[in-house]
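Enquirer: Structure provided below as structure tokens; questions to follow.
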Amino acid sequence: MVTSLGRRSIGLVTGFGQFGRFLGNVARALPDVRTWGGLTAQQMRRLGVDSLPIALFIAAFTGIVLALLASYVMTGAVPPYLVGTLVTKTITMELGPVLTGLALAGRVGANIAAELGTMRVTEQVDALETLAYNPYAFLVIPRVLAGLVMFPVVVAFAMGMGIFTGWLTATNLLPITNAEFMRGARLFFMPFDVWYGLLKSASFGFVITLIGCHLGLATRGGAEGVGRATTRTVVYSAEMILVLDAYWAVTLLRGHFQ
Amino acid sequence: MIEFRDLYKAFGANRVLEGFTLEVRDGETMVIIGYSGTGKSVAIKHVVGLLEPDAGQVAVDGQVVAELSRAALTGLRATIGFVFQFAALFDSMTIFDNVALGLRRRPGISEGDIASRVAEALALVDLAGTERLMPAELSGGMRKRVGLARAIALKPRYLLYDEPTTGLDPVTSAVIDQLIVRTREALGVTSVVITHDMRSAYTVGDRIAMLYRGRIRQVGTVAEIRATADPVVRQFIEGRPDGGRAAERASLSQTGQELGLEGVDA
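In order, the protein sequence lines correspond to chains A and B. Here the first sequence is numbered in the working numbering, starting from 1 and rising by one per residue. Here the second sequence is numbered in the working numbering, starting from 1 and rising by one per residue.
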């Protein structure tokens with residue numbers, strides 16, 4: 001047991017050390033704008049625009065469920081227009097960013113880890129180096145930047161879709177008028193809610209792409225290694241999303257109660 | 001000139017290179033032969049800084065590779081073409097973009113110049129007209145030729161070939177061998193070719209070095225290697241299942257048993 005504990009501790013320290021070295025390499029590649037500048041737009045399309053359908057799909061159904069759930073919970077106790085409040089606040093501040101983040105951890109994170117992992121085991125990363133390219137500038141920075149910029153954009157669309165389907169559900173399936181829903185939505189609305197959701201999603205995008213790139217480039221051992229890197233990316237990304245979600249709540253929401 | 005000076009490299013408990021020393025002279029084609037997994041590819045990856053030695057040095061034109069700054073290493077890499085075992089083409093790029101990638105890194109080359117250099121390199125490997133294809137649309141032999149075109153498009157001073165004929169049929173292997181010879185004649189490059197295909201080694205090499213147990217067992221001209229009396233080298237070049245290596249194994253095993261050791265194996 002002691003041996004096992006010792007091995008795990010060494011593994012943990014080594015893992016952090018490797019991640020630290022990876023971050024150092026990324027930082028050193030930042031001045032190489034000539035390489036990553038032209039590739040970032042392409043990654044923004046792949047990571048962002050191509051992720052819109054799955055994000056909108058999830059948001060659409062979340063909005064429907066949320067409106068019905070809010071109505072069910074509040075029946076007779078509070079004014080019906082608060083359905084609008086609950087749908088808007090919850091989608092904007094929590095479910096939009098977190099559910100989209102979790103979906104994109106699977107779609108984007110796994111995609112990056114599999115692509116870079118395959119490039120590593122087929123020596124394409126080595127080939128880049130022999131062609132005098134810095135692989136961190138060529139492969140990592142465009143993806144991380146794209147994640148940082150495009151996740152908030154995707155989440156913004158998801159927020160809009162979730163609120164729209166929530167409104168559609170409330171006004172068609174519940175005894176709530178358009179005016180009541182809009183009144184509820186406006187009553188407690190603060191611009192901070194949107195910034196809060198978008199800031200969170202930017203941090204999710206940053207972390208998911210960073211983990212995918214790190215584990216992808218660290219892949220060893222052929223197809224099995226690629227599979228392992230992909231799975232670990234999804235698991236670690238999902239965990240980090242929940243950790244960051246709590247972190248932003250503690251740092252940015254706690255002050256509002258004081 | 002490329003110099004491997006008393007090079008040591010291990011991966012965990014697996015000691016791959018143990019005092020590997022070899023000199024590749026300007027203008028020659030040095031073929032490194034040896035059994036699979038003996039560290040031939042590991043050795044040449046040190047030349048372009050893809051691996052760092054545990055001990056010893058690799059020097060190119062007197063510059064010790066492991067001591068170079070990132071910028072100096074990038075400069076050195078610009079003078080070396082590396083042909084990978086499985087070509088290592090970028091799946092998401094066309095053949096044109098694969099060959100052009102290294103050229104786009106060079107300052108002062110216009111897109112027009114790049115296009116003509118790519119066409120020239122592809123023509124040299126008999127693949128003119130494949131520019132718009134994707135790597136997945138090519139056969140294994142064609143992919144290797146594109147890998148060679150990518151390396152020679154840069155007009156390097158050195159070319160490193162990592163098992164250029166492995167996995168190819170005899171005719172395609174002969175085509176690749178011809179290309180290696182033709183490239184040397186056309187560009188006057190210094191080359192290192194890793195292979196365990198003796199027909200290829202005799203065709204392309206000026207000198208042949210055999211890597212065995214982490215170090216050079218013998219180095220000599222093609223004629224010298226063909227006439228070698230070393231039983232290990234003889235067994236390898238003749239491709240016999242029994243011979244020097246097997247005898248050496250048996251001798252080691254017997255010595256181990258005499259010393260009371262179990263599981264002694266070469």
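We treat Cβ as the ideally placed atom computed from N, Cα and C, and that holds for glycine. A quick note: this is a predicted structure, and the numbers were derived from the prediction, not measured.
What did DSSP end up calling E18(B) once you bin it into helix, strand or coil?
Expert: Strand, per DSSP.
Enquirer: Rounding to the nearest angstrom, what Cα-Cα distance links I208(B) and S191(B) in this structure?
Expert: So the two alpha carbons sit approximately 12 Å from each other.
Enquirer: What residues in the segment 127 to 160 of chain A bring their beta carbon closer than 9 Å to a beta carbon of chain B?
Expert: Listed in sequence order: A127, L128, E129, T130, L131, A132, Y133 and N134.
Enquirer: Over the uninterrupted alpha helix (DSSP H) stretch that includes M142(B), give me the two end residues.
Expert: Residues G140 to I152.
Enquirer: I'd like to confirm the pairing. Which residues does DSSP put opposite F11(B) in its beta bridges?
Expert: For F11(B), which the question treats as bridged, DSSP gives the partners N14(B).
Enquirer: Could you tell me which chain B residues have their CB closer than 8 Å to the CB of E123(A), listed as they occur along the chain?
Expert: Within 8 Å Cβ-Cβ: F84, Q85, F86 and A88.
Enquirer: Strictly below 8 Å CB to CB, what residues from chain A border I80(B)?
Expert: Result: T130.
Enquirer: Using beta carbons (cut-off 8 Å, strictly below), is L101(B) in contact with chain A?
Expert: It does; some Cβ of chain A falls within 8 Å.
Enquirer: With DSSP run on the structure shown, which of helix, strand or coil describes L39(A)?
Expert: The answer is helix: DSSP assigns L39(A) an H, G or I state.
Enquirer: Shorter than 8 Å from the beta carbon of R105(B) to some beta carbon of chain A?
Expert: Taking Cβ atoms only, chain A reaches closer than 8 Å to R105(B), which makes this a yes.
Enquirer: Just curious, the alpha helix (DSSP H) that G102(B) is in, first and last residue?
Expert: Taken as a continuous stretch (DSSP letters only), the alpha helix (DSSP H) holding G102(B) covers I95 to R105.
Enquirer: Is any beta-carbon of chain A found at less than 8 Å from that of V48(B)?
Expert: Yes, its Cβ sits closer than 8 Å to a Cβ of chain A.
Enquirer: Since A261(A) contacts Q43(A) with CB under 8 Å, what's their CB separation in whole angstroms?
Expert: Nothing about residue 261(A) can be read from this structure; chain A reaches only from 1 to 258.
Enquirer: F164(A) by DSSP, collapsed to three states: which one?
Expert: Residue state, collapsed to three classes: helix.
Enquirer: Could you name the residues of chain A that T74(B) contacts, counting a contact when the two beta carbons are closer than 7 Å?
Expert: Within chain A, the residues near T74(B) are A132.
Enquirer: Does DSSP put D6(B) in a helix, a strand or coil?
Expert: Strand at D6(B).
Enquirer: Starting from S191(B), follow the beta strand (DSSP E) in both directions and report where the run begins and ends.
Expert: Here the beta strand (DSSP E) through S191(B) covers T190 to I194.
Enquirer: I'd like to know if R77(B) contacts chain A, where contact means its C-beta is closer than 8 Å to some C-beta of that chain.
Expert: Yes - at least one Cβ of chain A is within 8 Å of the one on R77(B).
Enquirer: Determine the DSSP secondary structure at M190(A), reduced to helix, strand or coil.
Expert: DSSP places M190(A) in coil when its eight states are reduced to three.
Enquirer: Would you kindly report the start and end of the unbroken alpha helix (DSSP H) that includes Y72(A)?
Expert: Run containing Y72(A): L52 to M74, per the alpha helix (DSSP H) assignment.
Enquirer: Check the DSSP bridge columns for I32(B) and list the partner residues they point to.
Expert: Bridge partners of I32(B): I194(B) and A209(B).
Enquirer: By alpha-carbon positions, which one of P231(B), D242(B) and M198(B) ends up nearest to V31(B)?
Expert: For the residues P231(B), D242(B) and M198(B), the minimum Cα distance to V31(B) belongs to M198(B).
Enquirer: Curious, which full-length alpha helix (DSSP H) runs of at least 4 residues does the segment 124 to 186 of chain A contain?
Expert: DSSP runs (the alpha helix (DSSP H)) wholly in the segment 124 to 186 of chain A: 124 to 130 and 141 to 173.
Enquirer: Taking just the CA atoms, how far does G239(B) sit from M210(B)?
Expert: Taking the straight line from one Cα to the other gives about 14 Å.
Enquirer: Going by the CB atoms, is the gap between R132(B) and A87(B) shorter than 8 Å?
Expert: For A87(B) and R132(B), no; Cβs fall outside 8 Å.
Enquirer: Buried or exposed for T75(A), please, with buried defined as at least 16 other CB atoms from any protein chain shown within 10 angstroms of its CB.
Expert: It counts as exposed.
Enquirer: Tell me whether I216(B), by its Cβ, gets closer than 7 Å to a heavy atom of the ligand NAD.
Expert: Although the ligand NAD was asked about, the structure shown includes no ligands whatsoever.
Enquirer: I need the DSSP call for I180(B), collapsed to helix, strand or coil.
Expert: Residue state, collapsed to three classes: helix.
Enquirer: Give the C-beta separation of A202(A) and L148(A) to the nearest angstrom, bearing in mind that I take them to be a contact with Cβ-Cβ under 8 Å.
Expert: That belief holds up - the Cβ atoms of A202(A) and L148(A) are roughly 6 Å apart, short of 8 Å.
Enquirer: Answer yes if the segment 25 to 41 of chain B comes into contact with the segment 181 to 190 of chain B, meaning at least three C-beta pairs across the two stretches below 8 Å, and no otherwise.
Expert: Yes, since at least three Cβ pairs between the segment 181 to 190 of chain B and the segment 25 to 41 of chain B fall closer than 8 Å, the two stretches touch.
Enquirer: Let's see if you can read the secondary structure: which residues bound the alpha helix (DSSP H) around Y236(A)?
Expert: Residues G222 to W248.
Enquirer: Assuming A153(B) and G102(B) are in contact, meaning their beta carbons sit under 8 Å apart, how far apart are those beta carbons, in whole angstroms?
Expert: 7 Å between Cβ atoms; contact.
Enquirer: For R70(B), does the count of other Cβ atoms within 10 angstroms reach 16, so buried, or fall short, so exposed?
Expert: Classification for R70(B): exposed.
Enquirer: Any idea if N134(A) is buried or exposed, counting beta-carbon neighbours within 10 angstroms, 16 or more meaning buried?
Expert: With 16 or more other Cβ atoms within 10 Å, it is buried.
Enquirer: Could you tell me the distance, in whole angstroms, from the CA atom of A110(A) to the CA atom of M119(A)?
Expert: Cα to Cα, the separation comes out at about 14 Å.
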